[in-house]
Amino acid sequence: MPLVEPGLLDILACPSCHSPLTEQDTDLVCTSPTCALAYPVRDGIPVLLVDEARKPE
-7 MPLVEPGLLD ILACPSCHSP LTEQDTDLVC TSPTCALAYP VRDGIPVLLV DEARKPE
């Protein structure tokens, strides 16, 4: 089951480096290898705040 609505992932970008995002487990993860921040999705809403992001494990 997708984390966010279909099509939304196509327009979202990492707020830090502006690279595309991809779904991974329960997060949206930046596709840039130098950034690679993971943003949480809460109740189907991506929290795209750099202060809320973490480096994926």
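Residue numbers are given in this note's numbering: position 11 of the sequence shown equals residue 3, and the series is strictly consecutive.
All C-beta atoms, glycine included, are put in the ideal place defined by N, C-alpha and C.
If you're wondering where the values come from, they're calculated on a predicted model, not measured in any experiment.
Just list the residues that DSSP pairs residue i with in beta bridges.
| i | result |
| --- | --- |
| Glu15 | Leu20 |
| Ile3 | Paired residues: none, contrary to the question. |
| Ala30 | Val21, Arg46 |
So, for residue i: in the same chain, excluding its five sequence neighbours on each side, which residues have a beta-carbon less than 6 Å away from its beta-carbon?
| i | result |
| --- | --- |
| Leu40 | Pro7, Tyr31 |
So, for residue i: in the same chain, excluding its five sequence neighbours on each side, which residues have a beta-carbon less than 8 Å away from its beta-carbon?
| i | result |
| --- | --- |
| Glu44 | Tyr31, Pro32 |
| Thr18 | Leu(-5), Pro32, Val33 |
Please state whether the Cβ-Cβ distance between residue i and residue j is less than 8 Å.
| i | j | result |
| --- | --- | --- |
| Glu15 | Leu(-5) | yes |
| Pro38 | Leu4 | yes |
According to DSSP, is residue i part of a helix, a strand, or is it coil?
| i | result |
| --- | --- |
| Pro38 | strand |
Apart from the five residues on each side of it in sequence, which residues of its chain come closer than 7 Å, Cβ to Cβ, to residue i?
| i | result |
| --- | --- |
| Ser11 | Ala5, Cys22, Thr23, Ser24, Cys27 |
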